[in-house]
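Participant:
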Amino acid sequence: MPQESTLTTTVPFPKGRQNLERDAGFARGEMRAPVGTVTDAVVMDCELTVTASANTAALTLPQQISVLAAFSVSLKLHLGDTGATLEPFQSVTLDRLRLDALRLLEQDAEGLAAASGGLATAFVTGNNSLKFRAYLPTGHVAKIREAVLFTGLSVEQLLDAELTLSRSDADPFKTAAAALALSSVRVTFSPGFKKAEARRLGIPPHVRRVVNAESDTITTPEGLVVDLSHDGALAGNLLGALTVRAGGVLVADDPATPATIYADWLRKYPGASTEEKTVTTYRTPVFVIAPNVLTRHYAGSVSAKMKEKATEWAGRVLYIPLLTHDQVCSMVEQYAGRIERGRAILAVCTAMYEGMSVADHMLPYTGMTIFRDDEEGFSDYPGLYCAAGGKPYVVVPEQRQRAAAYRVKDAMASTPQHPTGNRRLVRSIVLDECRWVPGAVTDPGGFEVISKVRQDVTAILRGAASSKWAELANAF
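For what it's worth, my numbering labels the leading residue of the sequence shown as 46, then goes sequentially.
#1: Do you know offhand how far Leu517's Cα is from Tyr451's?
#2: Anyone know if the C-beta pair for Ala344 and Gly292 falls short of 8 Å?
#3: By how many angstroms is the C-alpha of Ala243 removed from the C-alpha of Val441?
#4: Mind listing, in chain order, the continuous beta strand (DSSP E) runs of no fewer than 3 residues lying wholly within the stretch 197-232?
#5: Give me the Cα-Cα distance between Ala160 and Ala102, rounded to the nearest whole angstrom.
#6: Using the Cα positions of His370 and Ala222, report the straight-line distance between them to the nearest angstrom.
#7: Considering just the uninterrupted stretch of the beta strand (DSSP E) at Asp418, what are its terminal residues?
#8: Could you name the residues of the same chain whose beta carbon sits closer than 7 Å to that of Met351, not counting the 5 residues immediately before and after it, in chain order?
#9: DSSP three-state label for Glu443, please.
#10: Rounded to whole angstroms, what's the CA-CA distance from Ser512 to Arg388? Just pull it up for me.
#11: Is Arg141 near Gly197, with beta carbons less than 8 Å apart?
#12: If we ignore side chains and look at the alpha-carbon of each, how far apart do Leu591 and Arg328 end up?
#13: Using CA atoms only, rank isn't needed, just tell me which of Glu151, Gly484, Tyr180 and Val169 is closest to Val87.
#14: In terms of residues, what are the limits of the beta strand (DSSP E) holding Pro330?
#15: With a threshold of 8 Å on Cβ separation, who are the neighbours of Glu385 within its own chain once the five nearest residues in sequence on each side are excluded?
#16: I'd like the list of long-range same chain contacts for Ala69, defined as Cβ closer than 6 Å, with 5 residues on each side in sequence excluded.
#17: Go to Met376, then tell me how far its alpha helix (DSSP H) extends in each direction, as first and last residue.
#18: Start and end of the alpha helix (DSSP H) containing Thr503?
#19: Where does Phe521 sit, in a helix, a strand or coil, going by DSSP?
#20: DSSP has Ser274 in a bridge; who is on the other side?
#21: Spatial neighbours of Val403 within its chain, please: C-beta separation below 6 Å, excluding the five flanking residues on both sides.
#22: Could you say if the stretch 251-269 and the stretch 361-368 meet the contact criterion of at least three C-beta pairs nearer than 8 Å?
#23: At what residues does the alpha helix (DSSP H) containing Phe195 begin and finish?
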């Protein structure tokens, strides 16, 4: 079964209760969550006042969905003063966001069921109050069992975020019935948070359209893909037989179709909720992960190819992006910009700090854990060091440098099996330190491609070893 998100949703943001005329939300510096928490979702409780000129039946489910479609949301995270940003959600309508939250959080929008006091309420003459709740995922991925250990946006990340909820000019109630008119909308924004055991910098899930005009193939961005779907219901879809690769691994091939891909997912996940199963009413599954530990999921891009092109692709992907070296450094620099002058922080890989059993290529998706220079642990681990107002750079504690130097000396000793020394073991010694440093992996293949961080760690350990034994300079 998937890991529970344990969201607490009962503490609205300061100034979180807003009237929605055209736009509502928060500018940078305004989203303040409780200290000591990380936020897995932004909760939007919408109260709608609808005027009815006559008694009117409750909206059907398609009409309720059209109400959700009248609102759209955007989320942007600023990574520093360089202008770098992450934009997880870009003008996503709430009907689509509902499906995204079902996949990521396994949490449906609330207020769609009859007798819920929500959008399925019958109207009486006069003013009627209707409520619904939507979830904007910012961290938790229910199908990753260790997600509770590393997902979620920190208090500082929220302060560097912008959120906008917009309302369209069209009135979905007037469209549903001539006697109805939407009078006003009031929204209460709250962080859906959980307790944080340390200062965390998480990587939020992103959603993107994936299209490729006049081609039979689509490919997602690099990252940890949770869901790749094609717009439109599973029933009656025209995709036909598909070839699907996830992280370079063949996961579906002719004669597999979306129907058989979905049946296979249901077999792997018999506990899927009734609500999540309704996603196929609106989207055709191409690749969907089932609950498992992080290291058993695929990382890298997902590609899908139709055996015979019968329609244009209208793909939609939910994924955790693979950050670049510059993006990682910008996140650390941004955090350091909030501390007092003369102080410093150390950023380490959360998977390593939490003792997670994770393949190297999965390390970057677990984000970072931050230590201040007055906290225990600051001098214990390799990581990215950054002083207030400065730039981050790789450090390896001196005690670990010394230990690594002696290990390299031992590895390069001549033996019958390795007359000129064991350079494979030296590589392992370097990677043992690299894994702690955020940005050590910037390629889907893990350490197959040498990152800037790995180069820096190698240089530090080479210097430590050669300062004791000059001949070890050539061991790396």
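Backbone N, C-alpha and C define an ideal beta-carbon position, used for all residues, glycine too.
Facilitator: On the basis of the supplied data:
#1: 10 Å
#2: The answer is yes: Cβ separation under 8 Å.
#3: 21 Å
#4: 206-212
#5: 13 Å
#6: 53 Å
#7: Segment: none, Asp418 is in no beta strand (DSSP E) and carries neither H nor E.
#8: Same-chain partners within the cutoff: Asp261, Leu284, Gly285 and Leu287.
#9: Helix at Glu443.
#10: 30 Å
#11: No; because the gap between Cβ atoms is not below 8 Å, this pair is not in contact.
#12: Nothing about residue 591 can be reported from this structure: the residues present for the chain run from 46 to 521 only.
#13: Tyr180
#14: Counting along the chain, Pro330 sits inside the beta strand (DSSP E) bounded by residues Arg328 to Val333.
#15: Ala433
#16: Excluding residues within five positions, the ones whose Cβ falls inside 6 Å are Gln63, Leu210 and Val232.
#17: His370 to Ala381
#18: Its alpha helix (DSSP H) spans residues Lys497 to Lys513.
#19: coil
#20: DSSP lists Pro330 and Arg361 as the bridge partner or partners of Ser274.
#21: Closer than 6 Å at Cβ, skipping near neighbours: Leu339, Thr340 and Ala396.
#22: yes
#23: Ala192 to Phe195
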